[in-house]
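Here is the structure we will look at, set down as structure tokens.
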Amino acid sequence: MELKTIEDLKNYLRTWEKHRHHPKDYVFGLELEGVLADSEGNPLETHELIPILNETYQGFEFGEEAGACQLEIRSFPREYSTDALRETEEYLIDAIEDIVDLAKKIHGTEAIFLLIGSNPHPSAFSDKWISRTERARRMASWRSQFPPIKVGDKQIRPEHVALCIQSIHLHIQGVSPYDVADKYNRLLYTIPEHVAISANSPIMAGEILDYVESRLLLYEQADGGNAGFPRLKKYPISLLDYGEYLLSFQPIFASSLAGMVKERHEDARIRFEIPFRVENRVCPMQCTMKENMALIEFTIGRLKYAQRWSRQDFPSLKEIEINRIEAIKKSIKGDFIWNGKSVSARNYLMESIEKAEKGIKTLDCRPRYLDIIKRRVQKRKTSGDVIRRWFERSNGSTEERVANLVNKIWEHTKKNRPLV
5 MELKTIEDLK NYLRTWEKHR HHPKDYVFGL ELEGVLADSE GNPLETHELI PILNETYQGF
65 EFGEEAGACQ LEIRSFPREY STDALRETEE YLIDAIEDIV DLAKKIHGTE AIFLLIGSNP
125 HPSAFSDKWI SRTERARRMA SWRSQFPPIK VGDKQIRPEH VALCIQSIHL HIQGVSPYDV
185 ADKYNRLLYT IPEHVAISAN SPIMAGEILD YVESRLLLYE QADGGNAGFP RLKKYPISLL
245 DYGEYLLSFQ PIFASSLAGM VKERHEDARI RFEIPFRVEN RVCPMQCTMK ENMALIEFTI
305 GRLKYAQRWS RQDFPSLKEI EINRIEAIKK SIKGDFIWNG KSVSARNYLM ESIEKAEKGI
365 KTLDCRPRYL DIIKRRVQKR KTSGDVIRRW FERSNGSTEE RVANLVNKIW EHTKKNRPLV
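Using our numbering, the first residue of the sequence shown is number 5, and each one after it goes up by one.
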């Protein structure tokens, strides 16, 4: 059933109230975005790989993204468990191997599948790398109306920013419409935590970005305010509240509620597709599948804890936004302000990891990956810090430094060895 209008949503919710049915809780699905490049870091097109990969795999779907060198891997929904996460990790490792093997056959060169959240090669900001899909072309045309954006020492056209950004999106199904709204609100106030622990490469198109996680701010500018922290005036208590929030904005091209959701590239969203689910999309891709699974485990555990155990009032939306900016600037090394009191991000995040552990155990699972997040917080170091140091200490032209960087990262990706 497609929900095109707010009336469709109201009618569906009325029907649900009369004939309640409860889908399984904490069913999850992933969208992972990476960049295909050669061994020098030069972008490679992914278009020819996609139909072959889709014929090969039954547990994943492969698709194009905004950039012609980007590739998206989508997993099918499955009920959360530690075993499900481990199996997903193993399948994705196999998929990465197949992607680069196939790229070598198609392009006739050694290939790398880069998972760092941003494209480091200086040639990436170009019309050449706008994807061929109709949606990508239309969005690029729409973004071109906005002013140029400063990236390092360059002025970049806004339609090129999305070509250089890769994220991991986690979908979590709720047990009812009320539960989905609750999940969304609790995701909102954990956004600063996710930004802080996941910060990845600050190198974009050969430039070193100003902040630890500048990617988010660049996307906001490129999208003319349709991205970033949701522009809510209050927490949406119901799906109708969220639907009315969507309708307060002029659609870009969308003609349905589901389409309007996709046009708002915000940190968290409610997907108006049945069964309803929330989507956490604030984290950049991580360099290894272990690290990506750690983010998923943290997010699900933290959310489960918040729903099951938390009795505190929701913080103000303004306070969340302030802490989000602090995380963008300083990651784990910053200070958060909650209820008017300052607390070091490190101490706050250590408490959050404990909550995530408890949340995972509440789901009758055993934490498998959270030690990766804990190690980052204890050391006050993210993958982004490691990548920045590698790039700053390298010599040669920008292209040579990028080549050196991507090969170092690729070794970690192949061996599934976290950077921190």
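Just so it is clear, CB atoms sit at the ideal spot from N, CA and C, and this is done for glycine as well.
Should the segment 285-303 be regarded as contacting the segment 355-369, the criterion being three or more beta carbon pairs within less than 8 Å?
yes
As assigned by DSSP and simplified to three states, the class of Q311
Taking the first residue of the sequence shown as position 1, residue 311 is located at position 307. Helix, per DSSP.
Suppose contacts are defined by Cβ-Cβ distances below 9 Å. Is N343 in contact with L191 by that definition?
The sequence position of residue 343 within the sequence shown is 339, counting from 1. The sequence position of residue 191 within the sequence shown is 187, counting from 1. Their beta carbons are not under 9 Å apart, which means N343 does not touch L191 by this criterion.
Determine, using beta-carbon pairs with one atom in the segment 265-284 and one in the segment 176-195, whether at least three such pairs fall under 8 Å.
yes
Within 10 Å of its beta-carbon, does Y84 have 16 or more other beta-carbons around it, so buried, or fewer, so exposed?
On the sequence shown, position 80 is the one that residue 84 refers to. Flag for Y84 reads buried.
Is Q177 buried or exposed, if buried means 16 or more other CB atoms sit within 10 Å of its CB?
Within the sequence shown, numbered from 1, the residue matching residue 177 stands at position 173. Buried, by the Cβ-count rule.
Going by Cα to Cα distance, which pick from L17, G156, D186 and A209 is closest to A166?
Position 162 of the sequence shown, counted from the start, is the residue given in the question as residue 166. Selected option, being the one with the closest Cα: A209.
Residue interval of the alpha helix (DSSP H) (run including R350):
The count along the sequence shown starts at 1 and reaches residue 350 at position 346. A349 to T366 is the span of the alpha helix (DSSP H), which, as asked, contains R350.
Taking 9 Å as the cut-off, decide whether the C-beta atoms of C73 and P55 are in contact.
If you number the sequence shown from 1, residue 73 lands on position 69. If you number the sequence shown from 1, residue 55 lands on position 51. Not in contact: C73 and P55 (Cβ atoms no closer than 9 Å).
Span of the alpha helix (DSSP H) holding D87?
Taking the sequence shown and counting its residues from 1, one reaches residue 87 at position 83. Taken as a continuous stretch (DSSP letters only), the alpha helix (DSSP H) holding D87 covers T86 to H111.
Hey, how far is the Cα of L53 from the Cα of K418?
Here residue 53 corresponds to residue number 49 of the sequence shown, with the count starting at 1. Here residue 418 corresponds to residue number 414 of the sequence shown, with the count starting at 1. Each residue's alpha carbon lies about 19 Å from the other.
What are the complete beta strand (DSSP E) segments, minimum 3 residues, inside the segment 14-70?
As far as the segment 14-70 is concerned, its whole beta strand (DSSP E) runs of at least 3 residues are 31-42 and 64-68.
From W394 to Y249, what distance separates their C-alpha atoms?
The sequence position of residue 394 within the sequence shown is 390, counting from 1. The sequence position of residue 249 within the sequence shown is 245, counting from 1. Computed Cα separation, rounded: 43 Å.
Beta-carbon spacing of K308, I364 below 9 Å:
Taking the first residue of the sequence shown as 1, we reach residue 308 at position 304. Taking the first residue of the sequence shown as 1, we reach residue 364 at position 360. Taking 9 Å as the Cβ cut-off, K308 and I364 qualify as a contacting pair.
In the DSSP assignment, what are the bridge partners of V155?
In the sequence shown, counting from the first residue as 1, residue 155 sits at position 151. Per DSSP, K158.
Indicate the three-state DSSP secondary structure (helix, strand or coil) for R306 in the structure shown.
Here residue 306 corresponds to residue number 302 of the sequence shown, with the count starting at 1. Reduced to three states, the DSSP call for R306 is helix.
CB-CB under 8 Å to K158, same chain, minus the five flanking residues each way: which ones, in chain order?
Here residue 158 is taken as the residue at index 154 of the sequence shown, counted from 1. Result list for K158: F129, A209 and E211, in chain order.
Would you kindly report the start and end of the unbroken beta strand (DSSP E) that includes E283?
By one-based count along the sequence shown, residue 283 stands at place 279. Per DSSP, E283 belongs to the beta strand (DSSP E) from R281 to P288.
If we call anything under 9 Å between Cβ atoms a contact, is P206 one with E217?
Locating residue 206 in the sequence shown gives position 202, where the first residue counts as 1. Locating residue 217 in the sequence shown gives position 213, where the first residue counts as 1. For P206 and E217, yes; Cβs fall inside 9 Å.
If V286 and H198 are in contact, beta carbons under 8 Å, what's the gap, nearest whole angstrom?
Residue mapping note: residue 286 aligns to position 282 of the sequence shown, counting from 1. Residue mapping note: residue 198 aligns to position 194 of the sequence shown, counting from 1. Rounded, the Cβ-Cβ distance is 5 Å, consistent with contact.
Taking just the CA atoms, how far does F276 sit from E49?
What you label residue 49 is simply residue 45 of the sequence shown in a count that begins at 1. What you label residue 276 is simply residue 272 of the sequence shown in a count that begins at 1. About 32 Å.
Specify whether the segment 402-419 and the segment 33-45 touch according to this definition: at least 3 beta carbon pairs, one from each stretch, less than 8 Å apart.
yes
Classify E93: buried if its beta carbon has 16 or more other beta carbons within 10 angstroms, exposed otherwise.
Mapped onto the sequence shown, residue 93 falls at position 89. The Cβ neighbour count for E93, taken over all protein chains shown within 10 Å, is at least 16; the residue is labelled buried.
With distances taken from CA atoms, which of W313, Y95 and E114 is nearest V104?
To locate residue 104, count along the sequence shown from 1; it is residue 100. The option with the nearest alpha carbon to V104 is E114.
May I ask you to verify whether the segment 141-149 touches the segment 114-125, counting CB pairs closer than 8 Å and requiring at least 3?
no
Could you compute how far the alpha carbon of G63 sits from the alpha carbon of Y223?
Along the sequence shown, one-based indexing puts residue 63 at 59. Along the sequence shown, one-based indexing puts residue 223 at 219. Straight-line Cα distance between these residues: approximately 30 Å.
7 Å Cβ shell around L353 - same chain, five flanking residues per side excluded
By 1-based counting over the sequence shown, the position of residue 353 is 349. These residues qualify, in order along the chain: E197, A200, I201, I336 and V381.
Backbone CA spacing between I428 and S252 [nearest angstrom]
Only positions 5 to 424 of the chain appear in this structure, which leaves residue 428 out of reach.
Closer than 6 Å by C-beta to Q225: which residues in its own chain qualify, once you throw out the five before and the five after it? Chain order, please.
Taking the first residue of the sequence shown as position 1, residue 225 is located at position 221. Within the same chain, Q225 has close Cβ partners I153.
N204, buried or exposed, once every other Cβ within 10 Å from all chains shown has been counted against 16:
Position 200 of the sequence shown, counted from the start, is the residue given in the question as residue 204. N204 should be labelled buried.
Cβ atoms of N327 and I341: under 9 Å apart, would you say?
Here residue 341 corresponds to residue number 337 of the sequence shown, with the count starting at 1. Here residue 327 corresponds to residue number 323 of the sequence shown, with the count starting at 1. Yes, they are a contact pair.
Rounded separation between S160 and H25 - CA only:
Position 156 of the sequence shown, counted from the first residue, corresponds to residue 160. Position 21 of the sequence shown, counted from the first residue, corresponds to residue 25. Looking at the sequence itself, residue 160 is Ile, so the reference to Ser does not match. So the alpha carbons of these two residues sit roughly 49 Å apart.
List the whole-angstrom C-beta distance separating S260 from E6, where the pair is believed to meet the contact cut-off of C-beta under 8 Å.
Start at 1 with the first residue of the sequence shown, and residue 260 comes out as number 256. Start at 1 with the first residue of the sequence shown, and residue 6 comes out as number 2. At roughly 6 Å, the Cβ-Cβ gap stays under 8 Å, so S260 and E6 are in contact.
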